[in-house]
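Following: one structure in structure tokens, then a few remarks.
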Amino acid sequence: MKKCKTKLVTFRDEEGNVTSKKCSRCNQIKNASEFYAEKSGKYKGKLTACCKQCTAEKSYMYYHANKEKAKISHRNWVLKNKDKVAFTKAKSSYGIQKDEYDSLIRVCQICGNTTNLRIDHSHQSGRIRGMLCDGCNKGLGFFKDNPTLLLRASDYILGVADIFAKTYEPVEE
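In structure tokens:
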């Protein structure tokens, strides 16, 4: 890995904002937009020492030199940040914003289950309806989100009352 011990060079406008900067890795002077901002620590908000292109190259080299370690690290991060991962998937799939995602009730709207929840949405309008457990979500999918089919299925189950009474416990509300 190429390391540079040259002095940090930045260029600022009249208000003191950084307009361009010298990358500590490739030694090129680049526009400030070609650098990431630090996300945390004492340099939070400041521009990184390496430009985006050098950072990407450095990450690529590290990943290919340490594939198993990188995969394990990523897997551990995903396990520790399940809600962030779920929100990112929801945002990507449904265009949902953070406040809307946070306001969803984390209980299946059909059976009351609180595990293996999925965002339920209308396949026709794309509108988010709420959260369903995996089983109820698949059940609606098998009935093609068609209320008529669901009512017919309910009539069918209730129509065989003698079998229903002997086989199933009533649903508590």
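Heads up: the sequence shown begins at 188 in the numbering used here, then just goes up one per residue. All residues carry an ideal CB built from backbone N, CA and C; glycine is no exception.
Close CB contacts of threonine 206 within its chain, under the 6 angstroms cut and outside five residues either way in sequence, are with Phe198, Asp200 and Ala219 (chain order). For the pair of segments examined, the region 305-321 was found not to touch the region 333-341: the number of CB pairs separated by less than 8 angstroms stays below three. Burial is judged here by how many other beta carbons sit within 10 angstroms of a residue's own beta carbon; asparagine 263 has fewer than 16 and is exposed. Per the Cβ contact rule, the region 263-278 is not in contact with the region 242-251 (fewer than 3 Cβ pairs under 8 angstroms). The Cβ atoms of isoleucine 315 and tyrosine 281 sit closer than 9 angstroms to each other. Straight across, the Cα-Cα distance linking isoleucine 306 with lysine 256 is about 32 angstroms. The continuous beta strand (DSSP E) containing leucine 234 extends over residues 234-238. For aspartate 307, the beta-bridge partners assigned by DSSP are Gly317. Distances from the CA of glutamine 240 to each of Ser211, Val272, Lys231 and Lys226 were compared; the closest alpha carbon is that of Ser211.
Non-local C-beta neighbours of isoleucine 283 in its own chain, meaning closer than 7 angstroms and more than five positions away in sequence, comprise Ala277 and Ile315, ordered along the chain. Counting only runs of 4 or more residues that sit fully inside the region 247-279, the alpha helix (DSSP H) segments are 254-267, in chain order. In this structure phenylalanine 222 is buried. Its beta-carbon is surrounded by 16 or more other beta-carbon atoms within 10 angstroms. Asparagine 324 sits buried, since 16 or more C-beta atoms from the chains shown fall within 10 Å of its C-beta. Annotated as proximal: lysine 209 and lysine 217, with beta-carbon spacing under 9 angstroms.
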